[in-house]
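Let me begin by presenting the structure, written as structure tokens, before commenting on it.
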Amino acid sequence: MNVELSAEALEFGRQGSRAIEAAGGDTLIQDSERSRASSDSRIAPVLADLGAWELDPRGDADDLEAAAALCRSVGYWAAPYPVAERLARPADLDVDGLVVVAGPAPAAAISGIDLRWAAVTLDGARATALARAPLGPPRTTAFVAPLDLVHLDHDGAGDLALALVLPCWTLLGMLDRAIDLTRNYVRERQQFGQPLAAFQSVQFQLTDAVVERDGVEMLAKYALWSIQAGLPEAADDALALRMAAIEAAEVTFRVAHQLHGAIGFCDEMVVSWLSRYSQPLRRLPLGLSATRDALTSRLGRQGLTGVFRG
Amino acid sequence: MGKAVAELRSELRRLVAEHVPPDFLGAFTDDPADLETAQRFCRLLAEHGLLCLAWPEEFGGRGASAWEQTAVREEMWAHHEPRGAQYMGVNWVGPTIMRHGSPEQQRKHLPPIAAGEVIWCQGFSEPDSGSDLASLRTAAQPDGDGWLVNGQKIWTSYALMAQWCFLLARTSRGEKKQQGLTIFLVPMSAPGIEVRPIRCLMGPHHLNEVFFTDVRVTEADVLGEVGQGWSVVQEVLSFERVGIARYARCERLLLAAPAVLGDEWETLPAELRGRWARMLTHCRRARLLAYRVIALQSEGQVRPGDAAAYRIAVTRLDQESAEVLMEIAGLASLAGADGAWLRGEVEDHWRYSQASTVASGSIEMQRILLSRALLKAS
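Just so you know, the protein sequences line up as chains A and B, in that order.
Residue numbering for the first sequence follows the numbering used here, starting at -17 and increasing by one per position.
Residue numbering for the second sequence follows the numbering used here, starting at 4 and increasing by one per position.
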């Protein structure tokens, strides 16, 4: 059983990470608060040069893994561009990207991006989506804007899983970064004459975050495999992943903030930006409880596929 | 995992259905018939070549893949380990003797394990040496051409029924406490060994004290080299960490719950059904974390942090799923052996799970191992 992405996909993800770093890295999200157009003009070309928009994650298994690896790299830098959403675009609609929506006030973190969007609900209803102006500055809205939807059809059941899974890979990249930042900080920061990392209470908080992150990584790979294999329960697997990813984000960012202490809230620290801009991925289309409710409802009495439910 | 594994699972489920009573809750109960069931089942598995199927053929195995061995672990644990205590011989005592034993020790010990005829116990923990195992004080003092062992072991599972003990004792003192430890393969019938059972939450046979008074051992009983036991123990513990597929029993019981509850399932609080779905997700998570370790092990690689992460995830799953199952079952789980929910499996699972984060290396030790891997200089 292969629980790792292919070597080619991992290499594509590394190339993506290097390209985003070269385009500005951590400064991209900071600059985007002043001008999203400016940060877009730095990110979009490098992703195009990388061949991101030529990937066919719905039609090609290798491209699907490459898309996942790229989303993880995008998350690592908190790059303010809807890569996962663009890569999830439906094959049969003439649009540039797809977002999952739920509830009476559909919203997505796509404000200020001049592209054509579609939306899909958990029931598979599809619509065209137009982002209105966000309700506040990016510092408090993280580019989330209300959407105006125009109903198209009910043919989106097959679109749903990928549109749920790829953003989880972006969130996974954010967890990677939060853990890396925290690990480095506790090694360097000295208190009581020794690094924070020497304190077992600090070590144990970090291990809890890593177990959560590693678990999400495994579920994310499984959900990809479920899509690749065309399993009918791929959307269940995607929701299970999403539930675990939101939980893991809660644990990981809590630990990251706690172990950074007050400095972690300051704009000079990357963890502060990462934490704020993880919000849309954690709250949309549904937060933890509502995601769990949706999963439970879909599972009914059958449960998740596993060793004892083939 | 492929067709071979799917066929293997089917065969194992058939054997369990045909040869293990439906109310079997493990070999370690007050009813001697349960131990007899396990002993018979081990011999049956051995006859079918399934007891040690991942062992090399020269030692009585079938040279099967790590994934087939994984399927055996999952199926056995899910069905209350009908191999009884013998899983230890198969999972790590045998493989350790293959790697470190003399040809004579291999001839003497491996065939009985492969035939399902022998039970081993593990003489590691002591009253003052739990997680800090290397501080142990049971001593083997030189005496003529051998040693005399004196000391006390504790928490020794299956000691009362075991024929052999995999004993860790101190033969000398070095600069570090990890030095000077030696492994002895000791017959439990040796004069000077006394076993005292400890009644406990998990049931009989799980915990015992073992006292060693002038127990004579010789060079022929030493596994590996004198004074080098610690490195072997580290290897043993890495085998043991993925040796029990706890997630498999959790998943089987969770998936059985809706059918057992029937129409009442829909009347459960939505929040409880949500916790059930979450536990199923965590079963999958733990299984995949185990597979990550096994995939690396099968390529000869070891990442101690990965094994520790798996153990942390699976032991917490064991306890959290037990709480969810007990709540789903309600009072029916406490209705006594005959009327109990899932034939007492849920109540048994809850009791047994209480020790998950303590046995085979506590969750704190796993966190220490994982943090060492994370925080070592990069």
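C-beta atoms are modelled at their ideal positions from N, C-alpha and C, and glycine is treated no differently.
- When secondary structure is reduced to three states using DSSP, I95 of chain A falls in the coil class, being assigned neither helix nor strand.
- Close partners of L201 of chain A in chain B (Cβ separation under 8 Å): T284, R287, R288, L291.
- With distances taken between CA atoms, A107 of chain A lies nearest to A:H133 out of A:P120, A:I92, A:H133.
- Judged by pairs of C-beta atoms under 8 Å, the region 49 to 58 of chain A touches the region -6 to 5 of chain A, as three or more such pairs exist.
- Bounds of the beta strand (DSSP E) holding F215 of chain B are 211 to 221.
- In the three-state scheme derived from DSSP, where H, G and I count as helix and E and B as strand, G126 of chain B is classed as strand.
- Residue contact check for V192 of chain A against chain B: a CB pair falls below 8 Å.
- Between A67 of chain B and R12 of chain B, the CB-CB gap reaches or exceeds 8 Å.
- Taking a C-beta distance under 8 Å as the contact criterion, Q185 of chain A and L136 of chain B do not qualify as a contact pair.
- Within the region 209 to 230 of chain A, those residues whose Cβ lies closer than 7 Å to any Cβ of chain B are, in chain order, A222, M225, A226.
- Judged by DSSP in its simplified three-state form, G347 of chain B adopts helix.
- The Cβ of S374 of chain B sits closer than 8 Å to at least one Cβ of chain A.
- Not a single C-beta of chain A is nearer than 8 Å to the C-beta of P272 of chain B.
- With a threshold of 8 Å between beta carbons, D158 of chain A makes no contact with chain B.
- Looking from the CA of G104 of chain B, the closest CA among B:T270, B:V229, B:H51, B:D266 belongs to B:V229.
- Residues of the region 115 to 140 of chain A with a C-beta less than 7 Å from any C-beta of chain B: none at all.
- In this structure, A:A191 is the residue among A:A191, A:L144, A:G155 with its C-alpha nearest to the C-alpha of E229 of chain A.
- Around the CB of S324 of chain B, 16 or more other CB atoms lie within 10 Å, so the residue is classed as buried.
- At a cut-off of 8 Å between C-beta atoms, E129 of chain B does not count as an interface residue with respect to chain A.
- For the set A:A124, A:T110, A:E47, A:P128, the Cα lying nearest the Cα of P86 of chain A is the one of A:P128.
- For A226 of chain A, the enclosing alpha helix (DSSP H) begins and ends at 216 to 242.
- For R173 of chain B, no alpha helix (DSSP H) encloses it; the enclosing beta strand (DSSP E) starts and ends at 167 to 173.
- With contacts defined by Cβ atoms closer than 8 Å, G6 of chain A and D13 of chain A form a contacting pair.
- Contacts between L257 of chain B and chain A, judged by CB atoms closer than 8 Å, involve G285 in chain order.
- Residue state for K156 of chain B is assigned as strand, using DSSP reduced to three classes.
- Remark: fewer than three beta-carbon pairs, one from each stretch, lie closer than 8 Å, so the region 267 to 280 of chain A and the region 35 to 46 of chain B are not flagged as touching.
- Within 7 Å of the CB of W268 of chain B, the CB atoms of chain A belong to R283, in sequence order along the chain.
- Taking the CA atoms as reference points, I297 of chain B sits about 12 Å from A248 of chain B.
- When Cβ-Cβ separations below 8 Å define contact, F186 of chain A makes contact with chain B.
- Assigned with DSSP and collapsed to three states, W59 of chain A falls in coil, not helix or strand.
- Here E197 of chain B is bridged, per DSSP, to B:F214.
- Beta-bridge annotation (DSSP): F187 of chain B is paired with B:L170, B:V225.
- Exclusion of the five residues before and after T164 of chain A leaves A238, L241 as the residues of its chain whose Cβ lies within less than 6 Å of its Cβ.
- Checking the DSSP bridge columns, you'll see G149 of chain B partnered with B:D146, B:T221.
- Just measuring C-alpha positions, the residue of A:T152, A:L104, A:L223 sitting nearest L69 of chain A is A:T152.
- Residues of the region 301 to 323 of chain B with a Cβ closer than 7 Å to any Cβ of chain A, in chain order: A312, I315, A316.
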